[in-house]
Amino acid sequence: MESKIPKTVIFITGAFASHRTWDKWISYYEERGYNCIAPAWPNKNASSQILKSKHPDNNIADTKLSNVLKHYTEIISQQPMKPIVIGHSLGGLIVQLLLQQNLVIAGVALHPIPPKGIFSLNPTCLLSSLKRIGLFSSSNEPHLINFKEWQSLFTNGTPYEEQKYSHGKDVVPQSKRVLKDRFSQTAKINFTTPHEPLLIVSGTTDRITLPSINYKNYTKYDKKNSSVIDYKEFQNKNHFSYGLSSWKEEADYILDWLEIIDC
451 MESKIPKTVI FITGAFASHR TWDKWISYYE ERGYNCIAPA WPNKNASSQI LKSKHPDNNI
511 ADTKLSNVLK HYTEIISQQP MKPIVIGHSL GGLIVQLLLQ QNLVIAGVAL HPIPPKGIFS
571 LNPTCLLSSL KRIGLFSSSN EPHLINFKEW QSLFTNGTPY EEQKYSHGKD VVPQSKRVLK
631 DRFSQTAKIN FTTPHEPLLI VSGTTDRITL PSINYKNYTK YDKKNSSVID YKEFQNKNHF
691 SYGLSSWKEE ADYILDWLEI IDC
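Quick note on our numbering: the sequence shown kicks off at 451 and runs consecutively.
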């Protein structure tokens, strides 16, 4: 009797967090029979401390969304079969783009940055986004989130000690060009195209991608083409919740969802 080949899960980080933030998820999912990898973004395959020590890095500054998308497309092409992809923040948008290209068997977008055409009118969210994409500064230098930004926008509601620890361990510099590309054609989704199953996850205390924005992202998809599209909103979850001490709640929900869709 042939043994069942385990499915591969590719974890995709967001713009400002190290790929090592997925380490606990990888161990947890491998215990449940999945093969797991969390490849770093282009020019960021190093620890948070090393990347910070090189800041500002011209190679990071020059990175565009198309470079990141191509990077993960090439990684997927090297897999023996189509993988499952789970992405956070801008990594969540990349999940949606990979699904659109029919490169994966299922996707989970955790607190995703929305595709082109979906905006937030919340002043706090809008101003923080404009600062992060470099509207008020040159794109020739990457942005490194300071602790105040991390506290108020990414880990709000988390105990101070955990905020401080995660900022030191997990934050990495990011290209402003990548963030500006979220408004470009590269980030456009055709919501009427049939696709493999997609789960969009949001949190009620997320100040980067508000629940209303994630829900709007979800409702944009055409529900008439028989594609599976689901939405889950967690109470009291901030933008970086997947990398904090309460990460298992979201991880378990996703595992259950993958079982339901037979992945």
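Ideal placement from N, C-alpha and C gives every residue a C-beta, glycine not left out.
Note that the structure is predicted; figures quoted are calculated from it, not measured.
I need the boundaries of the alpha helix (DSSP H) containing residue i, first residue and last residue.
i: Glu-683; result: Here Glu-683 belongs to no alpha helix (DSSP H); instead the beta strand (DSSP E) covers 679-684.
i: Leu-548; result: 540-550
i: Ala-496; result: Here Ala-496 belongs to no alpha helix (DSSP H), and DSSP marks it neither H nor E.
i: Ile-555; result: No alpha helix (DSSP H) contains Ile-555, which DSSP labels as neither H nor E.
i: Thr-463; result: No alpha helix (DSSP H) contains Thr-463, which DSSP labels as neither H nor E.
i: Asn-688; result: Premise fails: Asn-688 is in no alpha helix (DSSP H) and is neither H nor E.
i: Asn-675; result: That residue, Asn-675, is in no alpha helix (DSSP H); it is neither H nor E in DSSP.
i: Leu-519; result: 515-527
i: Ile-408; result: Nothing about residue 408 can be read from this structure; the chain reaches only from 451 to 713.
i: Ala-490; result: Per DSSP, Ala-490 belongs to no alpha helix (DSSP H) and is neither H nor E.
i: Asp-473; result: 473-480
i: Ile-704; result: 697-710
Would you mind giving the Cβ-Cβ distance between residue i and residue j, rounded to the nearest angstrom? I have them listed as a contact below 8 Å.
i: Thr-513; j: Arg-632; result: Wrong, their Cβ atoms sit about 13 Å apart, outside the cutoff.
i: Ile-534; j: Val-459; result: 5 Å
i: Phe-684; j: Ile-595; result: Not confirmed; about 23 Å, so no contact.
i: Gln-613; j: Gln-601; result: 5 Å
i: Tyr-484; j: Lys-457; result: 6 Å
i: Ala-488; j: Phe-461; result: 4 Å
Might you give, ordered along the chain, the residues of its own chain that have their beta carbon closer than 6 Å to the beta carbon of residue i, omitting 5 neighbours on each side?
i: Leu-560; result: His-538, Gly-542, Val-651, Tyr-692
i: Asp-680; result: Leu-649
i: His-689; result: His-561, Phe-604, Asp-656, Ile-658
i: Ile-704; result: Val-558
i: Thr-468; result: The sequence shown places Ser at residue 468, not Thr. Excluding positions up to five away in sequence, the list reads Ser-498, Asp-620, Val-622.
i: Asn-675; result: Pro-644
Looking at the secondary structure, which residues open and close the beta strand (DSSP E) in which residue i lies?
i: Ile-487; result: 485-487
Among the residues of its own chain, which have a CB less than 8 Å from the CB of residue i, if the five just before and after it don't count?
i: Gln-550; result: Ile-639, Asn-640, Thr-643, His-645
i: Ile-455; result: Pro-530, Met-531
i: Glu-700; result: Leu-560, Val-651, Phe-684, Lys-687, Ser-691, Tyr-692
i: Val-678; result: Glu-646, Pro-647, Leu-648, Ile-711
i: Ser-516; result: Asp-631, Thr-636
i: Ser-634; result: Leu-515, Lys-566
i: Trp-697; result: Lys-474, Trp-475, Ser-691
Counting only beta-carbon atoms, is residue i nearer than 8 Å to chain C?
i: Thr-608; result: This model lacks chain C altogether, as it is built from one protein chain only.
If you drop the 5 nearest sequence neighbours on each side, which residues of the same chain put their C-beta closer than 7 Å to that of residue i?
i: Thr-471; result: Thr-463, Asp-620, Gly-693
i: Asn-590; result: Ala-511
i: Asp-672; result: Phe-641, Thr-642
i: Ala-556; result: Ile-534, Glu-646, Pro-647, Leu-708, Ile-711, Cys-713
i: His-617; result: Phe-597, Trp-600
i: Ala-490; result: His-469
Should residue i be labelled buried (16 or more other beta-carbon atoms within 10 Å of its own) or exposed?
i: Pro-506; result: exposed
i: Glu-452; result: Low per-residue confidence applies at Glu-452: pLDDT is 43, beneath 50, and the placement is therefore not dependable, though the value from the model is reported in the following sentence. Per the 10 Å Cβ criterion, exposed.
i: Thr-654; result: exposed
i: Thr-669; result: exposed
i: Ile-500; result: exposed
i: Lys-494; result: buried
i: Asn-508; result: exposed
i: Asn-552; result: exposed
Fully enclosed by the region 583-665, which beta strand (DSSP E) runs are 3 residues long or longer? Whole beta strand (DSSP E) segments, 3+ residues: 648-653.
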